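Single-structure report; data block below.
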Amino acid sequence: MRFISVVILSFLSALAAAEPDVKMVDFTVNCKTWKIASHTLEATCPDWDGNYKDSSLDLNQCYTYNRDFQLEFKVDGAAFDTCISCELETDLKKPPLLTCDCMEGGDIRPVPGHTRSTNTTLGL
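Just so you know, the sequence shown maps onto residues -18 to -1, 1 to 106 in mature numbering (1 follows the signal peptide of the UniProt record, and there is no 0).
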């Protein structure tokens, strides 16, 4: 069994209160902590009153892989069903970096374009 490494940069989301009119914000600026658990992004973020609350987002509900094995938005896309060992690097000088080992047809191959760059983003 072989695995492919997936790298995702610059998480953008309002993980705080689940309000219909929530504006998109960089959660790494407003949230105290963030981590990845399997394919779920978890963070402690302020609500509208400034109280911190635990929030989570199942990335499988947001992304799938296209034919080139690149992530793209799709409701219930289940992109992370074949991934294991996901880790979230939280270097305060750079945007969070998510890496996972993911199977693709039992083979491993390079994932072009997945480097540390602000041009590669995962908008949540």
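The C-beta atom is built at its ideal place from N, Cα and C for all residues, glycine as well. Please read these numbers as outputs of a predicted model, since none were measured by experiment.
DSSP beta-bridge partners of residue i
i, result
"cysteine 68", "For cysteine 68, which the question treats as bridged, DSSP gives no partner whatsoever."
"residue 123", "An answer regarding residue 123 cannot be provided, because it is not within the stretch -18 to 106 covered by the chain."
"alanine 19", "Thr22"
"leucine 41", "Partner(s): none; leucine 41 has no beta bridge."
"phenylalanine 55", "Tyr45"
Close-in-space but distant-in-sequence residues of the same chain around residue i (CB under 8 Å, 5 per side omitted)
i, result
"isoleucine 18", "Glu24, Cys68, Glu69, Leu70, Leu80"
"aspartate 58", "Asn42, Gln43"
Residue i, buried or exposed, once every other Cβ within 10 Å from all chains shown has been counted against 16
i, result
"tryptophan 30", "exposed"
"phenylalanine 62", "buried"
Same chain, Cβ closer than 6 Å to residue i, neighbours up to 5 away in sequence not counted
i, result
"serine 38", "Thr22, Glu24"
Rounded separation between residue i and residue j - CA only
i, j, result
"aspartate 36", "asparagine 12", "13 Å"
"threonine 72", "leucine 53", "21 Å"
"asparagine 48", "serine 20", "21 Å"
"threonine 100", "asparagine 33", "The pLDDT assigned to threonine 100 is 27, lower than 50, so where the model puts this residue is not dependable; a value taken from the coordinates is nonetheless given after this. Cα to Cα, the separation comes out at about 30 Å."
Neighbourhood of residue i by C-beta, 7 Å cutoff - its chain only, sequence neighbours within 5 removed
i, result
"lysine 56", "Tyr45, Thr46"
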